[in-house]
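Counting from 1, position 160 in the sequence shown corresponds to residue 159 in numbering that gives the first Met the number 0; the numbering is continuous, with no gaps.
Virtual Cβ for every residue (Gly too), placed ideally from N, Cα, C.
Bear in mind that the values here come from a model prediction, so they are computed numbers and not experimental data.
Contents: one structure, followed by commentary.
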Amino acid sequence: MRKLVIIFAFLMMFASLPAVAFAQDGESASDALETFLEIRSSIFNNSESSDPSETLNIYYQSYQMLLSPEVQEEVIEEKKVPASSNDSKETDALKAFIASKNSKLNNTAIDNIMKSVSRTSNTYGVDKDLIVAVMWVESTFNPQTIYNNCYGIMQIHANTGRANGLSTSDLLNSDKNIEFGVSYLARHINSYGGDVRKALSAYNQGTTRVNSGNYSKRYENLVYGRLDTIKEFVKNY
């Protein structure tokens, strides 16, 4: 009876594992599906076997396959999705756009800006074009901009930065500035239920004013105007 309980427990565990976990050497995740189905079929077919040790041996072989470092590494590599040609084209277009608006930036600086834009866009789910539009409005892509106690490429107020553990020196670092700026904007977008326009106004004027209903829409309209220009540039690039 105890053997049957052990067999049932193993059966439930392995029957629920994903196919890619059973990939053998040289197999892709899609090929692994066939392997997995064969193994699972064997498990079910042998679950009523008169020889419990035979069934347990199948479980053990499957478990060893699952634990194989080579298999795990292969599955991880296979899951990596290369950038699509559309993503690459958009990135190149945005680099060209930034260069056209700030001739003082060299290629390395533009590359660094776009790496941060792409990374934070993926992390926080904010449109890359929107991030670039905010930068254009705030600083014309100059990471060293300081105005009205706001710092950097996305013009983060010193008090806001300090409250989030960022010094003014940090805010003049484009990577750190973009990381915080995009996360801050994403936070507003989420808090306003996906209302990007209202989130932009909160980014510029603060949530207190926006929540009161007594706020200017000039900033959000300005950003959206710039956003339309950027999207048209990318489309025609």
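(request) Taking all protein chains shown into account, decide if Tyr150 is buried (16 or more other Cβ within 10 angstroms of its Cβ) or exposed. (result) The residue you call residue 150 lines up with position 151 of the sequence shown. Tyr150 should be labelled buried.
(request) Look at the alpha carbon of Val195 and the alpha carbon of Leu184, and state the distance between them as a whole number of angstroms. (result) Counting from 1 along the sequence shown, the entry for residue 195 is found at position 196. Counting from 1 along the sequence shown, the entry for residue 184 is found at position 185. The alpha-carbon atoms of Val195 and Leu184 are separated by roughly 9 Å.
(message) Just verifying my parser: in three-state terms, what is the DSSP assignment at Tyr214?
(response) Indexing the sequence shown from 1 puts residue 214 at position 215. DSSP places Tyr214 in coil when its eight states are reduced to three.
(message) Going by DSSP in three states, Gly224 sits in which element: helix, strand or coil?
(response) As a position in the sequence shown, residue 224 is number 225, starting the count at 1. Residue state, collapsed to three classes: helix.
(message) Tell me which residues share the same chain as Asn85 and place their Cβ nearer than 6 Å to its Cβ, disregarding the 5 neighbours each side in the sequence.
(response) In the sequence shown, the residue the question calls residue 85 occupies position 86. Excluding sequence neighbours, Asn85 sits near nothing in its chain.
(request) Give me whichever residues DSSP pairs with His156 in a beta bridge. (result) Within the sequence shown, the letter at position 157 stands for residue 156. Partner(s): Cys149.
(message) Helix, strand or coil for Lys88? Go by DSSP, reduced to three states.
(response) Locating residue 88 in the sequence shown gives position 89, counting from the first residue. Lys88 falls in the helix class under three-state DSSP.
(message) Here's the rule: buried if 16 or more other CB atoms are within 10 angstroms of the residue's CB, otherwise exposed. What is Glu178?
(response) One-based indexing of the sequence shown puts residue 178 at position 179. Buried, by the Cβ-count rule.
(message) For a test of the three-state rule: what should DSSP assign to Val233, helix, strand or coil?
(response) As a position in the sequence shown, residue 233 is number 234, starting the count at 1. Of the three classes helix, strand and coil, the one that applies to Val233 here is helix, per DSSP.
(request) Using three-state DSSP, classify Phe140 as helix, strand or coil. (result) For the purposes of this step, residue 140 is taken as the residue at position 141 of the sequence shown. Note: Phe140 maps to coil in three-state DSSP.
(message) Tell me which residues share the same chain as Asn158 and place their Cβ nearer than 8 Å to its Cβ, disregarding the 5 neighbours each side in the sequence.
(response) Working through the sequence shown from its first residue, we reach residue 158 at position 159. Correct list, in chain order: Asn148.
(message) Please return the same chain residues whose Cβ sits closer than 7 Å to the Cβ of Thr139, not counting the five positions on each side in sequence.
(response) On the sequence shown, position 140 is the one that residue 139 refers to. So the list reads Lys100, Asn101, once near-sequence residues are dropped.
(message) Once DSSP output is grouped into helix, strand and coil, what is the label at Glu219?
(response) Locating residue 219 in the sequence shown gives position 220, where the first residue counts as 1. Helix at Glu219.
(request) Specify whether the region 120 to 129 and the region 158 to 168 touch according to this definition: at least 3 beta carbon pairs, one from each stretch, less than 8 Å apart. (result) no
(message) Considering just the uninterrupted stretch of the alpha helix (DSSP H) at Asp305, what are its terminal residues?
(response) Here the chain comprises residues numbered 0 to 236, so residue 305 is not present and cannot be evaluated.
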